[in-house]
Structure formats: structure tokens, C-alpha cells
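Down below is the structure, laid out as C-alpha cells.
Residue numbers (this note's numbering): 11 to 569.
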């Protein structure tokens, strides 16, 4: 039976009827890593832990708050999440991905820490990174008015909204139920360069300073070139071995690496820390045109998300995985990249020679759909590597989660049924939102945790329910335990005209054609029965049997 499993997974068992499946579980192959997926709908309030059968085994209720936007499980079973109210507070700091607070929520749904970092001057957004010491790194916008922008060398004509958002990284030490100390801070504003006003302290030749960011670089492809949200950091990760931070700038189509070993004072300057460069960029990758080197040929990233280090010991461990969205690319498609930044010693990236760009020029690993344009999310999204080498991918704009092996074979697939208009059934059309710009079932990102993750200790994850009404697929259909029993005999195979089924008395049988359409169903009353195949064309069919709550399937070739 095992030789049929991959075929079975591809056909994947539509519900008994003619409707087209739109949400829920589409595929679960034995090559899927055993574990649990943490995710939440961007237009919902709750967060879910789901097994690979598409069943939610645990829910954290949002209590009226939405995700703002990432979340992680800690090893004590606590959910660490970004959260925000559904209404704005009148602040001028408004942009996609805006947040408000960071919360810790225990397994029973009790909020044990609720830290707000949002007022007229600053606002959390997008992502956080839990640290081994229990602290949390977070991204925040800081409002800079027109006078501050011009004082920093911004061309006045390039301030269409009269302000810019500085990007700030803070390390928060939780101290009480709603409090925390900011024990480390980095501000991008301290690491700018411009070559239009020689009277300013940050005047210099942009191409000579790849460690700094050109305050006057504009992405002409955005809706408002020069908009206040001119950087749009959307991801942060921490590498404890290197004591470094990686950031992802969506507008710049770049990732950056910073030294975290500095003091806050050193982080505001250009020297100090383990790597001797203070808070300047140690490394950048993706779009060298931002630092006035290279051309479009050298651009490697296109409005990417979810840059993070793959854990040591995993396949491609130590490399940086990136969801390369593909927005602004001449042909719109997404891909998952793993890069290995060149290093003379661990964490030492050097500075490219004059006119050269930061490498690498090749990728250590890449996933791209066989037909590239069939995999595309122009915003949000992410990907996470597991110890086996599999990668869980969140195609966020489609609300689609899927898992591929290291060789690129898809082994699991699920589509979020929760939308801005409510929970869908498994066959309802997915509505659009944002004036038709994107689907209504967005998922920012998803994380997968192995079954032996310490945070699951002492918790019952044995039962769950599907979110979507009228699910196409029962969990038991897809478990190998049920696939391998009860034993079924079919003869002949290949068959023509009819086939004999043995060992399945008192079972229901369903026959699906090569397109996955149900073409025949009946009840077997004896231990040996003929199934009439007359009228069926040649091809690969699926026989699905159900008896006493157990399921079995056989692939049948009809000549």
C-alpha cells in the first residue's frame, strides 16, 4: 500500500459531491513533518495551533485585538504575540503592518504580560524576536517631522507627506504585568548618509559608505515615492551565536545585519562592539542600487519578507532564509531563497571593494514553483525550515500554507477559511478585500513546531476540529494508521470493464476519476464483490473505502 501513498496524496480525496474545494486541507503526504502549525488570520482575532490533518487542537482568543502581526510559541507553552486594536488612536504613524502592543498569553488564555509601545511619537510594527535571555527585540517606527527630515539631509521636495518614519530596534526586558525596561536601542536615523547638502554632518558620497543608508533613495515603484513609511521593516531575527540582528526592508528590497553586542551609546555611533562598527550596517544584501552600486542586474530581492537565520544543525543551517515576494520584478512570482553571506570569520562580512556589491551572487537553496507565476504573494508571507530539511511556506496573500521537502516536492497544503466576512465552508468562494487588491483570507506568517517541542509538555493535543464548515477531508483519511487498515484486495489491477474488491464487506466505496471527480459510489455487502467499470475511460482512478470510521484507499489503473 505504501507505494500508492504519494499518488493518493496528489489526487487528494474531494468531498462526496461535485463542488470545488476552496479552503481547508488539500494535501497531507507521509513526507510531511509531524508537528503543529501556529498561525492566525489577519482579519480574525484568534490564533490557532493546528495539526497536519488541518484540525485546530488549541486556540488563543484575541479578546477583540488583532494580530499586529507576528507570534511565536515559547518553550514554556506561552504564546508571544504582537497585537493591536482594530481602531486607530489618532496618531500620524499609520502604515501597513502597524502594531500597538506585545503580549504573553499562557496556555489557558490568560494575558500575563501586556506591553504597549504606541503613542504620537512611536509605534510598534510587524515583528518581534524572542531572545534566549527572556527579553524581546521589537521593531518600531519613530515620527520625524519635516524640519527633522530636512535637517538630516532629506531633499524637501521628496517629502510628499511632510514626515518620515525612522526605524528603531528596542530590546525589552519584561518587569511587570504591563511594564518593561528598554535596555538596548538602535535608531536608523543615526546611520544615514546624503550627498546633496555639504553643510550637514552626514554628508558623504553614498557609494563610498555602504555601511550607511542614503536618506534620499526613493523606490519609484511605490504608490507614493518618498512616502513617510520609506523603509518598511517587516522582519527581525536574532542570532545568539553571533550576537547579531537581521532586518528586512521591504521598500528597499534589502536585508541588513546589525551588531547587537554594542551598548546603546555605541549603537548610535560608528565604532565599538564585537565587530568594531558600532551601529553601522555590518552587511546588506538584495538591491545594491540603494547604496549607488550595481544595476538592476545585481538586484536579488524584490520586496521580501521574513528574513531569518536557519538554526545551526538544520539543513542549510547558518544561512539566511528569505521569502522573496517578487513585487516590482518584471515577471511577478515568489520564491524562497537561502543565502550564505561571505564571511572571513563568523560574523565578519567585510566591505566590498570600490564599485563591488555585497554577495553572494548565487543562492545556497531555492524553491520556485514549476510554473513560477502560480506561486505569488506580492506582500506579507514567510517560510520556515525544519530539522528534516522540509520548509513550511506561507503564501500570505492567498491564505495558503504548504510544505515542501528539501528537494522541492510539495507534501502538505492548507488554505485558511477565515476571512474579513467570517468563516467560510470548504467550498465557498474566497472573497476579495482591499478594493479587490488581495484576498480576504490573508495570513501574515506561520510557524511549525515539532511534536517534541517543550511547550507542548502536559497539554492534550490529541483531538481537534476543522475551522471550515463541511470539510472535504476527514483527518482519519489522511493518517497513515488509517490508510494502512483495513486491508483491501482489488483484482485485476490494471482493470477493464470491472474490478473485484475483496475483504471489504459492509463498507462504502467511492470511485474518483483522474480529475478527482466522484463518479461512482455504492455499498459492499459481501466479502467479494464486483464493481462495474463500464463507461469509464482509461486513466488513474482512486477507490476510497470507509467502514466503521476507518478509511482505506487504493489506486486503480483502468485500461
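Each residue gets a CB set at the ideal place from its N, CA and C atoms; glycine is no exception.
Review point. To which residues does DSSP link residue 551 through a beta bridge?
Key: 566
Review point. Pick from 401, 264, 452: whose alpha carbon is nearest that of residue 107?
Key: 452
Review point. Looking at residue 109 and residue 134, is the spacing between their C-beta atoms short of 8 Å?
Key: yes
Review point. Looking only at DSSP bridge pairs, what is residue 404 linked to?
Key: 392, 411
Check your understanding: Can you tell me whether DSSP reads residue 66 as helix, strand or coil?
Key -> strand
**Study point:** Per DSSP, cross-strand counterpart(s) of residue 519
**Key:** 532, 555
Exercise for review: State the start and end residues of the unbroken alpha helix (DSSP H) segment that holds residue 274.
Suggested key: 274-277
Review point. Is the beta carbon of residue 201 sitting closer than 8 Å to the one on residue 325?
Key: no
Review point. By how many angstroms is the C-alpha of residue 540 removed from the C-alpha of residue 428?
Key: 43 Å
Review point. Between the beta-carbon of residue 457 and the beta-carbon of residue 82, is there less than 8 Å?
Key: yes
Exercise for review: Determine which residues share a DSSP beta bridge with residue 125 and list them.
Suggested key: 112
Point to revise | In DSSP terms, what residue 34 is bridged to | key: 425
Check your understanding: Measuring CA to CA, which of 548, 550, 184 is closest to residue 143?
Key -> 184
Check your understanding: Given that a residue counts as buried once 16 or more other Cβ atoms are within 10 Å of its Cβ, and exposed if not, what is residue 85?
Key -> exposed
Exercise for review: Compute the Euclidean distance between the alpha carbons of residue 154 and residue 374, then round it to the nearest angstrom.
Suggested key: 39 Å
Exercise for review: Determine the closest residue to residue 433 out of 478, 468, 400, 319, with distance taken between C-alpha atoms.
Suggested key: 478
Review point. What three-state label does DSSP hand residue 324 in the structure shown?
Key: coil
Check your understanding: Roughly how many angstroms separate the alpha carbons of residue 257 and residue 267, rounded to a whole number?
Key -> 6 Å
Review point. Is it the case that the Cβ atoms of residue 58 and residue 50 are separated by a distance below 8 Å?
Key: yes
Review point. For the putative contact between residue 543 and residue 565, defined by C-beta atoms under 8 Å, what is the C-beta separation to the nearest angstrom?
Key: Not a contact, Cβ separation roughly 14 Å.
Point to revise | Neighbourhood of residue 399 by C-beta distance below 6 Å, restricted to the same chain and skipping five residues each side | key: 325, 416
Check your understanding: Any idea what DSSP makes of residue 435, helix, strand or coil?
Key -> strand
Check your understanding: In whole angstroms, what separates the C-alpha of residue 555 from that of residue 96?
Key -> 47 Å
Practice item. Within the region 305-382, note down every full beta strand (DSSP E) run reaching 3 residues or more, in order along the chain. Key: 315-319, 330-334, 345-349, 375-377
Exercise for review: State the DSSP-derived secondary structure class of residue 397, mapped to helix, strand or coil.
Suggested key: coil
**Study point:** Rounded C-alpha distance that separates residue 472 from residue 36
**Key:** 21 Å
**Study point:** Per-residue DSSP class, three states only, for residue 440
**Key:** coil
Practice item. Within 10 angstroms of the Cβ of residue 314, are there 16 or more other Cβ atoms? Answer buried if so, exposed if not. Key: buried
Practice item. Pick helix, strand or coil for residue 71, following the three-state DSSP scheme. Key: coil
Check your understanding: Taking Cβ positions, are residue 222 and residue 290 nearer each other than 8 Å?
Key -> yes
Review point. Skipping 5 residues on each side, what residues in its chain have a beta carbon closer than 6 Å to that of residue 30?
Key: none
Exercise for review: Could you please give the first and the last residue of the uninterrupted alpha helix (DSSP H) stretch that includes residue 160?
Suggested key: 156-161
Check your understanding: Are residue 261 and residue 246 closer than 8 Å when you measure CB to CB?
Key -> no
Exercise for review: Identify, in the order they occur along the chain, each residue of the same chain with its Cβ nearer than 7 Å to the Cβ of residue 42, setting aside the five sequence neighbours on each side.
Suggested key: 62, 413, 421, 422
**Study point:** Where the beta strand (DSSP E) through residue 504 begins and ends
**Key:** 499-506
Review point. Could you give the uninterrupted runs of the alpha helix (DSSP H) lying entirely in the region 150-201, keeping only those of 4 residues or more?
Key: 156-161
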